[in-house]
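Engineer: First residue of the sequence shown? That's 147 in the numbering used here, and the numbers climb one at a time after it.
Even glycine gets a Cβ: it sits at the ideal position worked out from N, Cα and C.
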Amino acid sequence: MAFMSWICSVWYCIVWLFNCYAGFWLKVTSYNEQPNVHFVYEALVVMTTSASTGSYITWSTLQNYNQLEMDHLRIPTLQV
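(1) Could you spell out where the beta strand (DSSP E) holding residue 224 opens and where it closes?
(2) When the Cα atoms are used, what is the spatial distance from residue 189 to residue 206?
(3) Tell me where the beta strand (DSSP E) around residue 202 begins and ends.
(4) Out of 176, 186, 195 and 226, which has the shortest C-alpha to C-alpha gap to residue 220?
(5) Roughly how many angstroms separate the alpha carbons of residue 164 and residue 178, rounded to a whole number?
Structure follows, in structure tokens:
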């Protein structure tokens with residue numbers, strides 16, 4: 147029986163060391179990731195003109211959207 151208790155004690159020590167150093171009982175961890183961001187030069191602007199009636203004007207760099215919203219489309223002009 148003395149031989150079995152010695153083996154169990156050694157096994158207990160090995161398991162305890164593994165748990166301590168391998169992170170089995172991990173309490174706190176964090177993970178950081180840097181996103182890969184590419185600007186595609188697209189814009190969409192929607193402005194309400196009257197909150198009570200729900201009317202709005204819009205503009206976009208997307209031609210399909212501009213064609214769908216022809217009734218509410220306003221082409222902006224910029225002056226410097």
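Structural biologist: Taking the coordinates as given:
(1) Neither: residue 224 is in no beta strand (DSSP E) and is coded neither H nor E.
(2) The straight-line gap from Cα to Cα measures roughly 5 Å.
(3) Run containing residue 202: 201 to 206, per the beta strand (DSSP E) assignment.
(4) Per the Cα distances, 195.
(5) Each residue's alpha carbon lies about 26 Å from the other.
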